[in-house]
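*Asks:* What follows is a single structure, and I will ask about it in a moment.
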Amino acid sequence: MGIRPVHWLVLSLLIAVIAGPVARAADVPPPVPPAAVPAPPQPPRGNPDVNPITKAFVQEGVLACSGRINQVSNFLTGGATPVGAHLFPLKGAPDQSLVTASLELNFAESQQTSYAGMSFAPNGAGGCTAAYEAVSYWPASCDNVASKQFGTMKRAGAIRKNIAVLDGGAARVFLMPAGSGCVSIKKEVVQ
Numbered sequence: 065m066g067i068r069p070v071h072w073l074v075l076s077l078l079i080a081v082i083a084g085p086v087a088r089a090a091d092v093p094p095p096v097p098p099a100a101v102p103a104p105p106q107p108p109r110g111n112p113d114v115n116p117i118t119k120a121f122v123q124e125g126v127l128a129c130s131g132r133i134n135q136v137s138n139f140l141t142g143g144a145t146p147v148g149a150h151l152f153p154l155k156g157a158p159d160q161s162l163v164t165a166s167l168e169l170n171f172a173e174s175q176q177t178s179y180a181g182m183s184f185a186p187n188g189a190g191g192c193t194a195a196y197e198a199v200s201y202w203p204a205s206c207d208n209v210a211s212k213q214f215g216t217m218k219r220a221g222a223i224r225k226n227i228a229v230l231d232g233g234a235a236r237v238f239l240m241p242a243g244s245g246c247v248s249i250k251k252e253v254v255q
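Sequential numbering of the sequence shown, starting at 65, is according to our numbering.
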């Protein structure tokens with residue numbers, strides 16, 4: 065039993081519908097030589113508004129969130145010198161993935177060292193969502209730290225029992241007793 069001519073026609077139409085039109089050599093554009101592909105935008109060299117952390121992310125291929133990275137890292141490092149950073153960019157598609165960095169912040173006036181972590185991800189709406197946490201040790205009780213360092217924030221209870229929560233609107237501060245001192249963890253999501 066062979067395939068009848070009508071079946072061949074139906075089979076051919078079915079394959080054409082599933083596979084789509086067959087491209088002819090004239091329809092296929094020639095390949096673009098590598099030299100013709102424009103280089104990704106780079107932050108201007110010598111621009112004091114673009115900080116070294118942002119420049120490091122851009123060198124790793126993170127362009128979509130570079131403005132937000134610059135904004136958040138400038139906020140976190142304000143007044144800290146020197147600043148150390150450890151970047152965790154993804155190698156596959158860093159401009160389309162979550163990227164994060166850990167910072168060591170040294171404040172000369174208070175002789176305090178703090179840790180900050182910041183993460184960034186494109187949000188699909190052409191923008192970039194960020195979150196950061198800034199961690200500091202204070203040689204005082206958590207009640208003292210709450211009133212002196214974060215006096216504008218409202219007390220909002222505890223996470224469970226020992227870690228107090230302060231509400232600052234967009235930001236929260238968590239105060240955790242540490243020996244005779246207190247560890248503060250300030251966290252905020254920036255959209």
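Glycine included, each C-beta is placed from N, C-alpha and C at the ideal position.
Note that the coordinates shown come from a computational prediction; the quantities given were computed from them, not determined experimentally.
Please name the residue, chosen from Gly125, Leu167, Arg236, Asn226, that lies closest to Asn138 on a Cα-to-Cα basis.
*Replies:* The shortest C-alpha separation from Asn138 is found at Leu167.
*Asks:* Have a look at Thr193 and Gln255 and give me their C-alpha separation to the nearest angstrom.
*Replies:* C-alpha separation (whole angstroms): 5 Å.
*Asks:* CB-CB under 7 Å to Val136, same chain, minus the five flanking residues each way: which ones, in chain order?
*Replies:* Hits under 7 Å: Met182, Ala194, Tyr196, Val254.
*Asks:* Going by the DSSP bridge assignment, what does Ile249 pair with across the sheet?
*Replies:* In the DSSP output, where bridge partners are listed per residue, Ile249 has Val199, Phe238.
*Asks:* Excluding the five sequence neighbours on either side, which residues of its own chain have a C-beta within less than 6 Å of the C-beta of Ala99, listed in chain order?
*Replies:* For Ala99, the pLDDT reaches just 34, beneath the cut-off of 50, and the residue's location in the model is therefore unreliable, although a value from the coordinates is still provided. Result list for Ala99: empty, nothing under 6 Å.
*Asks:* Please determine if the segment 230–246 and the segment 206–218 are in contact, where contact requires at least 3 C-beta pairs separated by less than 8 Å.
*Replies:* Short answer: they touch.
*Asks:* For a quick check, are the C-beta atoms of Ala144 and Phe171 less than 7 Å apart?
*Replies:* For Ala144 and Phe171, yes; Cβs fall inside 7 Å.
*Asks:* Can you find the residues in the same chain that come closer than 7 Å, C-beta to C-beta, to Tyr201, ignoring five residues on each side of it along the sequence?
*Replies:* Ala242, Gly245, Val247.
*Asks:* Just to confirm before moving on: does the CB-CB distance between Ala185 and Leu162 stay below 7 Å?
*Replies:* Result yes, Cβ atoms of Ala185 and Leu162 sit closer than 7 Å.
*Asks:* So Pro116 is in the alpha helix (DSSP H); what residue range does that whole segment cover?
*Replies:* Per DSSP, Pro116 belongs to the alpha helix (DSSP H) from 116–123.
*Asks:* Quick check on this structure: which residue in Val147, Glu124, Ser178 has the alpha carbon closest to the alpha carbon of Gly156?
*Replies:* Nearest of Val147, Glu124, Ser178 to Gly156, Cα basis: Glu124.
*Asks:* Buried or exposed: which applies to Ala228, given that a residue is buried once 16 or more other Cβ atoms fall within 10 Å of its Cβ?
*Replies:* Buried is the call here.
*Asks:* In its own chain, which residues sit with a C-beta less than 8 Å from the C-beta of Asn115, not counting the 5 before and 5 after it?
*Replies:* For Asn115, where only same-chain residues beyond five positions count, the Cβ hits under 8 Å are Asn134, Ser137, Asn138, Thr141.
*Asks:* Using a threshold of 7 Å, state whether the C-beta atoms of Ser178 and Ala198 are closer than that.
*Replies:* Yes.
*Asks:* In whole angstroms, what separates the C-alpha of His71 from that of Pro158?
*Replies:* For His71, the predicted model reports a pLDDT of 33, less than 50, meaning its position is unreliable; a value from the coordinates is still stated below. Rounded to the nearest angstrom, the two C-alpha atoms are 50 Å apart.
*Asks:* Nearest to Gln160 by alpha carbon, out of Ser130, Glu252, Val147?
*Replies:* Comparing Cα positions, the closest option is Ser130.
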